[in-house]
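Novice: Residue numbers (the numbering used here): 2 to 271.
1) Span of the beta strand (DSSP E) holding residue 5?
2) In terms of residues, what are the limits of the beta strand (DSSP E) holding residue 10?
3) To the nearest angstrom, how far is the alpha carbon of residue 216 from that of residue 174?
4) So for residue 242, helix, strand or coil by DSSP?
5) Going by other Cβ atoms of all chains shown within 10 Å of its Cβ, with 16 needed for buried, is residue 239 buried or exposed?
6) Which runs of the alpha helix (DSSP H) fall wholly inside the segment 92-153 and span at least 4 residues, in chain order?
7) Measuring alpha carbon to alpha carbon, tell me which of 149, 176, 135, 95 ends up nearest residue 159.
8) Grab the span of the alpha helix (DSSP H) containing residue 83 for me, first residue to last.
9) Helix, strand or coil, according to DSSP, for residue 67 in the structure here?
10) Hey, is the segment 221-236 in contact with the segment 147-164, meaning 3+ C-beta pairs nearer than 8 Å?
11) Hey, residue 147 and residue 269 are a contact pair by Cβ (cut 8 Å); roughly how many whole angstroms apart?
This is the structure in structure tokens:
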């Protein structure tokens, strides 16, 4: 199975959403070792490995209800995150995305909203860097979402759930954060259309190929939740859960276009 990685370059990596011609992120595909972890899911620990699969049965509307996702689901994932970081002084939501396979119906892909129409990310990456984590904290403080005090630690926890039936055309793969080291990803500056977007707020990291193992959970169901640690300032750039969608070319069954919902919450320690 192959995953896309960023090619090493001295030039700055940029995705300018105001001008699609100003995108520079050269990629290269590499074959990787990909292991199905479903049979050993009970042995995984969030702090040790960086990711876990949990049973999370809840009523989910059959229709893609944006209001329910933004209000009810987002807050429920915030409460779930609190159970993983009981010692944190605060947990607050950052963003929610509905991701839709390019093989899905055009009517779904045409939806333009804060939560809908984002396609699966087909390159190895981390969604945060040290710059963007602390920029998010400053943004939340300016907005009055959290107290304007100094925090010693910030960590992002991400949840991922499928809303379509398995087997999926683009599953999600992750790495064990113990296998990652500093210098394995390059910063990508995402320039958004909003002029008030703070510098470094939307910086992510694109992963350079290295010989580490990738893991996934086959045939995920709607009542299962993949939880992983997106970034922890306590570890810095040296211990991250890299992740990427991949094309499920090994499955000989008829594949279902993936629809999934992803949330990101930040935990803070004073």
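Even for Gly, the Cβ is constructed at its ideal location relative to N, Cα and C.
Specialist: With the given structure in hand:
1) Here the question's residue 5 lines up with position 4 in the chain shown. Taken as a continuous stretch (DSSP letters only), the beta strand (DSSP E) holding residue 5 covers 3-7.
2) In the chain shown, counting from the first residue as 1, residue 10 sits at position 9. Run containing residue 10: none; DSSP gives neither H nor E here.
3) Here residue 216 refers to the residue found at position 215 when the chain shown is read from its first residue. Here residue 174 refers to the residue found at position 173 when the chain shown is read from its first residue. So the alpha carbons of these two residues sit roughly 5 Å apart.
4) Taking the chain shown and counting its residues from 1, one reaches residue 242 at position 241. Residue 242: coil per DSSP, three-state reduction.
5) As a first step, residue 239 is located in the chain shown; it is residue number 238 there, counting from the start. The residue is exposed, with fewer than 16 neighbouring Cβ atoms inside 10 Å.
6) 107-110, 131-144
7) Within the chain shown, numbered from 1, the residue matching residue 159 stands at position 158. The shortest Cα separation from residue 159 among 149, 176, 135, 95 belongs to 95.
8) Numbered from 1 along the chain shown, position 82 holds the residue referred to as residue 83. Note, residue 83: alpha helix (DSSP H), 75-85.
9) Here the question's residue 67 lines up with position 66 in the chain shown. Helix.
10) yes
11) Numbered from 1 along the chain shown, position 146 holds the residue referred to as residue 147. Numbered from 1 along the chain shown, position 268 holds the residue referred to as residue 269. So it is a contact: roughly 7 Å between Cβ atoms.
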